[in-house]
């Protein structure tokens with residue numbers, strides 16, 4: 043399982059909402075974080091989140107069971123390890 047952790051603050055809610063639109067992804071909460079999980083890849087389109095660049099590049103709090111293979115102005119992609 044691949045997991046992406048994003049701090050649950052108003053600026054980051056778009057990341058969790060867009061991730062939740064993928065039927066293969068589950069979004070829950072662990073402490074003060076959104077826990078975004080999937081058996082495969084997690085892909086979040088930046089423009090769909092409405093995040094500005096500064097928020098986008100600082101939204102990742104942690105990763106488990108995978109690695110970031112793309113984090114640019116277009117998307118955040120986490121692939122299973």
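In the numbering used here, the protein residues as written are 43 to 123.
Idealized CB from N, CA, C, for every residue including glycine.
Residue i (DSSP reduced to helix, strand or coil)
| i | result |
| --- | --- |
| residue 52 | helix |
| residue 123 | coil |
For residue i, the first and last residue of its enclosing beta strand (DSSP E)
| i | result |
| --- | --- |
| residue 71 | 67 to 72 |
| residue 82 | Unbroken run through residue 82: none, as it is neither H nor E. |
heavy atom of the ligand FAD below 7 Å from residue i C-beta
| i | result |
| --- | --- |
| residue 47 | Absence of the ligand FAD is noted for the structure shown, with no ligands found whatsoever. |
Through-space distance from residue j to residue i, alpha-carbon basis
| i | j | result |
| --- | --- | --- |
| residue 87 | residue 117 | 4 Å |
| residue 45 | residue 81 | 9 Å |
| residue 115 | residue 54 | 15 Å |
| residue 73 | residue 105 | 15 Å |
Sequence-distant residues of the same chain with beta carbon closer than 8 Å to residue i, five excluded per side
| i | result |
| --- | --- |
| residue 103 | 47, 48, 49 and 75 |
Close Cβ partners of residue i (< 7 Å) along its chain, the five nearest in sequence each way excluded
| i | result |
| --- | --- |
| residue 61 | 67, 69, 78, 84 and 86 |
Boundaries of the alpha helix (DSSP H) in which residue i is found, first to last residue
| i | result |
| --- | --- |
| residue 88 | 88 to 91 |
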